[in-house]
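Numbering (the numbering used here), first residue to last: 1356 to 1635. Glycine residues also receive a C-beta, built at the ideal position from the N, C-alpha and C atoms. See structure below.
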């Protein structure tokens, strides 16, 4: 974890709706001294064996881990999204720390996918994660993600810190598209994505943040002032990305066929018939 201080550059940045989240991420990445780092959120915790497991992956799959254009995805789970302040500490203490803890938590439906209501956010990773878990332990490798099921996939991942790594776009403020734009930038920059076997990240329950509450009070969703602006900023960002890097079809990790835009369309929410999606 990198802790750094930075001053607000405008009065608006003191408003949670306009929190300069991507500027702070760039400050944190700049301070990283290791070869790789985990891009996560303060409430998303890696399991206790994640660090040693990454070292083992380096020994077993050196080329993939060393590649400057590799991103190692950690599947995300959750025990409970929100809680009252007085209960949060107990819930946090009960968060699974290992796969041995996670399995019974999932079997009893006490745990589940993180942000399950938003299948686009994390859904791409799970099929690869559980497919690797069906193998014998000595046969498990990092599963290569063939395509993204949604342009809104925003995994938590480990990347190598090099000059090839895109920065976070600092036009994105507060809630909405701030991680999604970076993941899309990785895709268009030629990154390949691999799902880490066994190990995972898990959401630590907490009260709703001031930023989340403020976002909801301003309308939230598509009606919120911040979210509408970020949606527009995202469309502009994707137009810029395609103009610089080329069309979606040229990316190494493209969208699965049903999620690709039709030729000549800027919107990336258009769908082709379901039968076009690859069989995984």
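Subject >> residue 1498 in three-state terms, based on DSSP >> reply: Working through the chain shown from its first residue, we reach residue 1498 at position 143. Correct three-state label for residue 1498: strand.
Original post:
Between the region 1503–1521 and the region 1534–1544, do three or more beta carbon pairs fall short of 8 Å?
Top reply: These segments touch.
Original post:
Going along the chain, which residues of its own chain have a beta-carbon closer than 6 Å to the beta-carbon of residue 1405, five neighbours each way excluded?
Top reply: Translated into the one-based positions of the chain shown, residue 1405 becomes position 50. 1554, listed in sequence order.
**OP:** Could you please give me the residues that DSSP links to residue 1468 through a beta bridge?
**Re:** For the purposes of this step, residue 1468 is identified with residue 113 of the chain shown, where counting begins at 1. BP columns for residue 1468 point to 1432.
**OP:** Give the straight-line distance between the Cα atoms of residue 1393 and residue 1400, rounded to the nearest whole angstrom.
**Re:** Here residue 1393 refers to the residue found at position 38 of the chain shown. Here residue 1400 refers to the residue found at position 45 of the chain shown. Between residue 1393 and residue 1400, the C-alpha separation is close to 10 Å.
**OP:** Identify every run of the alpha helix (DSSP H) within the region 1508–1568, keeping only runs that are complete inside it and at least 4 residues long; order them along the chain.
**Re:** Counting whole runs of 4 or more residues, the region 1508–1568 contains the alpha helix (DSSP H) stretches 1533–1543.
Original post:
Buried or exposed: where does residue 1499 fall if 16 or more other Cβ atoms within 10 Å of its Cβ makes it buried?
Top reply: Taking the first residue of the chain shown as 1, we reach residue 1499 at position 144. Taking all protein chains in view, the Cβ of residue 1499 is surrounded by fewer than 16 other Cβ atoms within 10 Å, so the residue is classified as exposed.
Original post:
Is it right to say residue 1375 is buried, meaning 16 or more other beta carbons lie within 10 angstroms of its own, or is it exposed?
Top reply: By 1-based counting over the chain shown, the position of residue 1375 is 20. For residue 1375, the number of other beta carbons within 10 angstroms of its own is at least 16, and it is reported as buried.
Original post:
Ordered along the chain, which non-local residues of its own chain (more than five positions away) have a Cβ less than 6 Å from that of residue 1508?
Top reply: By 1-based counting over the chain shown, the position of residue 1508 is 153. Cβ contact annotation for residue 1508 (same chain, cutoff 6 Å, sequence separation greater than five): 1479, in chain order.
Subject >> In DSSP terms, what residue 1426 is bridged to >> reply: Your numbering for residue 1426 matches position 71 in the chain shown. According to DSSP, which records beta bridges pairwise, residue 1426 is partnered with 1514 and 1548.
Subject >> residue 1391 - partner residues in DSSP beta bridges >> reply: Locating residue 1391 in the chain shown gives position 36, where the first residue counts as 1. Answer by DSSP bridge pairing, in chain order: 1515.
**OP:** Indicate whether residue 1514 and residue 1426 have their beta-carbon atoms separated by less than 8 Å.
**Re:** Counting from 1 along the chain shown, the entry for residue 1514 is found at position 159. Counting from 1 along the chain shown, the entry for residue 1426 is found at position 71. Their beta carbons are under 8 Å apart, which means residue 1514 touches residue 1426 by this criterion.
Subject >> Whole-angstrom distance between residue 1557 and residue 1402, CA atom to CA atom >> reply: Taking the chain shown and counting its residues from 1, the one referred to as residue 1402 is at position 47. Taking the chain shown and counting its residues from 1, the one referred to as residue 1557 is at position 202. Roughly 7 Å separates the two Cα atoms.
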